[in-house]
Each structure stands twice: as structure tokens, then as C-alpha cells.
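Quick note: the sequence shown uses this note's numbering, first residue 2, plus one each step.
Just so you know, even glycine gets a beta-carbon here, dropped at the ideal spot from N, CA and C.
Following: one structure in C-alpha cells, then a few remarks.
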Amino acid sequence: MNESLLEQLRRSAGQWVSGETLRQSAGISRMAISKQIRRLVGLGYEIESSPRRGYRLQREPEALDAESMRPRLAGTRFAGGMWEWKQRTESTNDDARALALAGAPEGSVVVADAQERGRGRRGRVWVGGGAGDSLLFSVLLRPPIEPRMGGLLPLLASVALERALAGLGLRGVGIKWPNDVLAGGRKLCGILCEMSLDMDRIESAVLGIGLNVNAGEGDFPEEIRAVACSMRSLGGRTWSRAAVLEAVLRELDGLLTQAWTEGFSGVLDAWRSASVTLGKVVCVTMPDGSRVEGVAEDVAEDGALVLRTGQGGIRRLHSGEILLGPRPAA
Ligand code: BTN
């Protein structure tokens with residue numbers, strides 16, 4: 002891509018570089034230069050431009066590479082795995098899956114500034130704010146648990162998120178079953194867990210996390226503006242993505258160690274305390290489109306939602322989309 006253009010701007014260390022110089026050294030047209038500059042700006046590079054003087058690189062986005070992150074994560078499983086930081090990729094979950102297939106160990110991480118095909122649960126597209134505004138990353142796990150317990154992994158991840166955000170001073174963050182991290186009813190973070198099963202064991206699991214960090218209200222696409230929020234909109238300031246990533250991975254590491262050694266009961270207790278779902282009347286849309294209404298009583302030992310329905314019956318739901326409150330009028 003625009004390596005030589007970026008390199009040239011870097012070499013000039015804060016000095017102006019004319020469009021003509023860039024054009025000649027990169028061997029591309031003026032139009033291609035402005036297109037590449039716009040792309041870099043979209044990735045978080047601050048580049049000043051002037052019709053007379055050309056371009057000047059002011060600031061690069063905060064690095065989330067192995068060199069910067071490993072020392073921060075010393076003592077955790079994330080300091081020892083593979084680490085990839087990409088400016089742009091299709092989906093970090095696909096990248097982490099490729100690492101899994103290549104035999105990478107638990108604790109390997111792929112983080113990207115932008116995704117072209119970020120995906121969410123139920124085949125939905127995941128869109129955050131502008132490139133470089135969010136944390137988009139996937140971690141590779143080798144869970145020593147039975148496949149039927151796999152539904153606990155995204156719950157565990159949501160607890161890690163809630164704890165990390167509370168530790169950073171953000172109040173009012175809660176978890177909606179199974180793993181949406183919300184504030185004021187708006188989505189702050191999405192978690193997608195994809196597993197690869199091998200007979201009766203989980204060969205690998207990829208936990209993909211999309212956390213809205215520095216997006217302003219207007220940075221979200223129109224269609225999700227009313228339902229999305231960011232750490233910045235909540236806390237009224239911007240955040241270091243490296244510090245937030247460190248906090249999340251540290252919490253994740255502690256909870257994984259706890260779950261792998263003692264089982265999930267402590268994680269489930271933490272999930273219960275952070276849940277905004279339990280005790281509420283909810284309407285759950287099932288994967289086949291049918292709806293079930295009831296009171297969310299508890300979360301079972303395998304992560305299923307325990308729902309008391311109107312007829313006094315109990316149902317255990319393993320998947321579904323929750324709406325807080327009774328069934329909306331048709
Ligand atoms: C959801 O709420 O539907 C889950 C969204 C998960 C999005 C993250 S962003 C990083 C990782 N890569 C993906 O393609 N998806 C997850």
C-alpha cells in the first residue's frame with residue numbers, strides 16, 4: 002500500500018513535503034497521493050496539508066504492536082503468545098483463526114485499527130466509529146473445557162470488559178445476556194466467540210471484541226447512532242487505546258486463569274453482579290424468529306439464561322436476542 006509515501010513523510014519528521022516530491026518518489030499520480038493521504042487520515046494519522054507547501058505528518062496513531070504491548074502485559078498469557086497489529090484487515094477473528102490453525106498458543110492476539118468485514122453475532126456486520134477510534138481485537142484460547150460449556154466464554158469476556166472499564170473509572174456499565182456490554186441502554190462493546198471443535202473437546206476458541214473507545218457521537222454511522230455509545234461519550238474524554246487494551250487483557254487473563262483452575266462459579270457470580278438482565282421482564286427473540294417472554298431469573302452453570310415464563314414454567318435459553326421489558330406491540 003502507501004508504505005513509501007508514509008515512509009517519506011516519516012523521514013521528513015514534521016517538515017513539509019511537497020506533493021510533487023511525494024508523487025515522484027512513490028511513482029503515482031497526484032490524485033492517488035490525495036487518496037492515500039485521506040486513507041492515512043482515516044487510520045488516525047494526523048497529516049496537515051497545504052496547497053502551496055504539500056503535506057506534513059504531525060502525529061501517528063498510538064502503536065498497539067507487540068513491542069509496545071508485551072511489556073505492559075508482562076506476567077499474563079498475552080505477553081507470551083503471537084501478537085499481530087494490523088492497520089487494516091478483513092476481520093481479526095479470521096486472522097486469529099488462521100493463527101490457531103498454524104498452532105499458535107493460547108494468549109495470541111490480533112488487533113486491527115480498521116476492519117473491512119468485521120462481523121457480529123448472527124451474521125451481522127460490526128461497524129464501530131472511524132478507523133482507529135475503536136479497539137478491534139481477537140484473542141486465541143485453548144480452553145480445557147467441554148464443548149457444552151463453551152457458551153461461558155463470551156460471558157467471561159463480558160465480565161472482563163465490565164471490570165476493566167470500572168477499573169478505568171467508567172461507571173454505569175452493565176452486561177446484557179449473553180454478552181453485550183452496555184451503558185445507558187446503548188451498546189459500548191460487542192463480543193463474538195467462535196469455536197473450533199474437535200470430537201469432544203474445544204480445539205480452539207477465538208474471542209473477538211469490538212470496543213468503542215474514542216468515537217464521538219457523530220462518528221457512528223447514522224443507522225446505529227441512537228443505539229451505540231463509546232468510552233469517550235460516557236467519560237467525556239478520549240482514552241489511550243493501549244491503556245484500555247492492557248486493562249481488558251489483564252482482567253481477561255485473571256478470569257481465564259480462575260476459570261481454568263477453579264471452574265466458572267466465580268466468573269458466573271461476577272456476571273450476575275454486573276448483569277442488567279437478571280430480575281427483569283425480558284422478551285427473547287430466538288434464532289428461528291419466535292419470541293419468548295418471561296422474567297430472567299438466573300444464568301445456569303453452562304451460561305444458559307434461566308427464564309420464568311408466564312405459565313410458571315422454566316426455560317433455559319442457550320441463544321437468542323434479549324429485549325429488556327415486555328414484548329413490544331406489533
Ligand atoms: C456483536 O455484538 O454482535 C459482536 C461484535 C464483535 C465484533 C468484533 S470486532 C473484532 C472481532 N472481529 C470481528 O470480525 N468481530 C469481532
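- Apart from sequence neighbours up to five positions away, the residues of its chain that approach Val268 with a beta-carbon distance below 8 Å are Leu153, Leu156, Leu157, Val160, Leu256, Gln259 and Ala260, ordered along the chain.
- Contact check for Pro148 and Ile203: beta-carbon distance about 6 Å, within the 8 Å limit, so the pair qualifies.
- Collapsing the DSSP output to three states places Asp114 in a strand.
- If you draw a 10 Å sphere on the C-beta of Lys36, you find fewer than 16 other C-beta atoms in it, and that means exposed.
- The three-state secondary structure of Asp220, taken from DSSP, is helix.
- Put simply, the backbone Cα of Val282 is about 40 Å away from that of Ala101.
- In this structure, the ligand BTN has a non-hydrogen atom nearer than 7 Å to the beta-carbon of Ser139.
- When DSSP states are grouped into helix, strand and coil, Ala297 belongs to the strand group.
- Contact annotation: the segment 217 to 231 touches the segment 176 to 189, with at least three C-beta pairs closer than 8 Å.
- Take Trp178, set aside five residues on each side of it, and the residues of its chain with a beta-carbon closer than 6 Å to its own are Thr278, Leu306 and Ile323, in chain order.
- In this structure, Ser92 has its CB closer than 7 Å to one or more heavy atoms of the ligand BTN.
- The way I'd put it, the segment 80 to 93 doesn't touch the segment 46 to 58; fewer than three beta-carbon pairs between them come closer than 8 Å.
- DSSP places Val228 outside both helix and strand once states are collapsed to three, so it counts as coil.
- Of the residues Arg309, Leu142, Gly236 and Val296, the one whose Cα lies closest to the Cα of Ala105 is Leu142.
- Around the C-beta of Ser291, fewer than 16 other C-beta atoms lie within 10 Å, and the residue is accordingly described as exposed.
- Distances taken from the Cβ of Arg125 to the heavy atoms of the ligand BTN include one shorter than 7 Å.
- Taking 8 Å as the cut-off, the beta carbon of Leu308 is found no closer than this to the beta carbon of Gly326.
- Take the alpha-carbon of Glu117 and the one of Gly314: they are about 44 Å apart.
- Val126 is bridged by DSSP to Arg120.
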